[in-house]
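Note that the working numbering numbers the sequence shown so that position 92 is 92, with each residue one more than the last. Ideal Cβ placement from N, Cα and C applies to all residues, glycine included. To start, the structure itself, in structure tokens.
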Amino acid sequence: MSASPVTNAEAAGGNGMPRHVAIIMDGNGRWAKRRFLPRVAGHRAGAEAVRVTVKAAADMGLRALTLYAFSSENWRRSAEEVTDLMGLLRHYLRKEVAELHRNGIRLRTIGDISALEGDLIGLVRDGVELTKNNRRLDFVLALNYGAQDEMLRAVRGIATEVQAGKLDPQSIDQAMIEARLDTCDLPPLDLLIRTSGERRLSNFLLWQAAYAELLFVDTLWPDFDGKALSAAIADFGTRERRFGGR
Ligand code: FPP
1 MSASPVTNAE
11 AAGGNGMPRH
21 VAIIMDGNGR
31 WAKRRFLPRV
41 AGHRAGAEAV
51 RVTVKAAADM
61 GLRALTLYAF
71 SSENWRRSAE
81 EVTDLMGLLR
91 HYLRKEVAEL
101 HRNGIRLRTI
111 GDISALEGDL
121 IGLVRDGVEL
131 TKNNRRLDFV
141 LALNYGAQDE
151 MLRAVRGIAT
161 EVQAGKLDPQ
171 SIDQAMIEAR
181 LDTCDLPPLD
191 LLIRTSGERR
201 LSNFLLWQAA
211 YAELLFVDTL
221 WPDFDGKALS
231 AAIADFGTRE
241 RRFGGR
């Protein structure tokens, strides 16, 4: 089958907007280093960029925004930095969940949150519960998330059903795998952004990125804001997507 090329303005949300944008928030450490500040100051400024960008995404009419807040590999950072990141997350949730709710934003997570500290799991669950009926924007925090781990969990689930005789291996298809990913009820990923000039996916949404547009920007995450998000969306609107057709 051959599909004629369409720009993203036509293909995605119909209004030129990507439905689902995901961001690898990179560059907090370099932002701090340039200012002769400790790394935690970069992460703190990064948390402020999260606040501003989520609000902008809702105002622009995105359906979903997924932010890579803590990867399954980030546990390898120093104990001090892990504690700082968890502390910032705790502070963010305590301070911002009510504001998310006021703005009609639904909080979600992807990743295995069971490894987080108990009180943090509670804060996440409370925020998800409070905002569950909101429809303006799905704000998805990737917490202890790794795409390979996500796929592994999906495969294990399917294998368990096969072993129990409930599933014929021949009937396994893409939809069945997608239905078991953490992102199963989110809109398809249209645009994946990485800040700070690095050009890697770093184990983020590998399955979902199959046909997403990729955008690498030099901006360090703490300097990212609504204007930067608008510029990224404008870039997305100019691209042609073929989804494997010609
Ligand atoms: C990468 O910067 C960023 C992270 C490891 C995590 C992102 C965390 C935040 C934005 C702060 C807290 C988040 C929330 C949701 C409140 P880096 O340290 O790898 O930067 P570098 O590559 O310049 O060292």
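- Short of 6 angstroms from the beta carbon of R180, and not among the five residues preceding or following it, lie these beta carbons of its own chain, in chain order: A154 and G157.
- Secondary structure in the region 89-160: the alpha helix (DSSP H) runs of 4 residues or longer, each lying completely within the stretch, are 118-130 in chain order.
- Here the distance from the Cβ of S196 to the nearest heavy atom of the ligand FPP is below 7 angstroms.
- Here A22 is bridged, per DSSP, to T66 and L192.
- The criterion of a C-beta distance shorter than 8 angstroms is satisfied by T53 and L229.
- The ligand FPP approaches M25 closely enough that one of its heavy atoms is under 7 angstroms from the residue's Cβ.
- With a beta-carbon spacing of about 6 angstroms, T183 and Q208 fall inside the 8 angstroms limit used to define contacts.
- The three-state secondary structure of L186, taken from DSSP, is coil.
- Residue L88 holds the alpha-carbon nearest to the alpha-carbon of L120 among L88, E213 and R242.
- In this structure, the straight-line span from the alpha carbon of F70 to that of D235 is close to 27 angstroms.
- Collapsing the DSSP output to three states places E213 in a strand.
- Residue pairing for S71: DSSP places it in a beta bridge opposite Y145.
- Residues of the same chain with a CB within less than 6 angstroms of the CB of G27, apart from the 5 flanking positions on each side, are T195, S196, L220 and W221 in chain order.
- Residue nearest to G104 within the set I110, E117, K132 and D126 is K132 (criterion: CA-CA distance).
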